[in-house]
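Reading through the structure tokens given below for one structure.
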Amino acid sequence: HAILEHYSTGFNFGHGSLCMRDRDLHVNNNYGNYENNLNTKIVYTIEIIEIYIVVKL
């Protein structure tokens, strides 16, 4: 999955490889989506997030 919509995450790319849960940003390769290019299981604390809406006039 490129972008996964799931009720428990704010955003979710690569089936959990880059996702937001609560105030945490999770970076991992648990499902092997990125071969060995992403060899980490780091969790960062998010301080601020900005959201934009793009509309076509």
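For the sequence shown, this note's numbering gives the first residue as 84, with consecutive numbering after it. Virtual Cβ for every residue (Gly too), placed ideally from N, Cα, C. Predicted model only: the values in this text are computed from it and were never measured.
Cutting at 6 Å between CB atoms, please list the residues of its own chain near residue i, excluding the five before and the five after it.
i	result
Tyr114	His98
Asn95	Leu87, His89, Cys102
Val126	Asp107, His109
With DSSP collapsed to three states, give me the class of residue i.
i	result
His109	strand
Asn95	strand
Since residue i is in the beta strand (DSSP E), which residue starts that stretch and which ends it?
i	result
Ile125	124-128
Leu101	101-104
Do you know how far the Cα of residue j is from the Cα of residue i?
i	j	result
Lys139	Ile131	27 Å
Ile129	Asp105	9 Å
When we look at the beta-carbon of residue i and count the other beta-carbons within 10 Å, is it buried (16 or more) or exposed?
i	result
Ser91	exposed
Return the chain-ordered list of same chain residues with a C-beta closer than 7 Å to the C-beta of residue i, the five sequence neighbours on each side being excluded.
i	result
Gly31	One cannot answer for residue 31 here, as it falls past the ends of the chain, which runs 84 to 140.
Going by beta carbon distance, what residues of the same chain come within less than 8 Å of residue i, once the five residues before and after it are set aside?
i	result
Met123	Residue identity differs from the one stated: residue 123 is Thr in this sequence, not Met. Contacts found: Val110, Asn111, Asn112.
Ser100	Val110, Asn111, Asn112, Asn113, Tyr114, Asn116, Tyr117, Leu121
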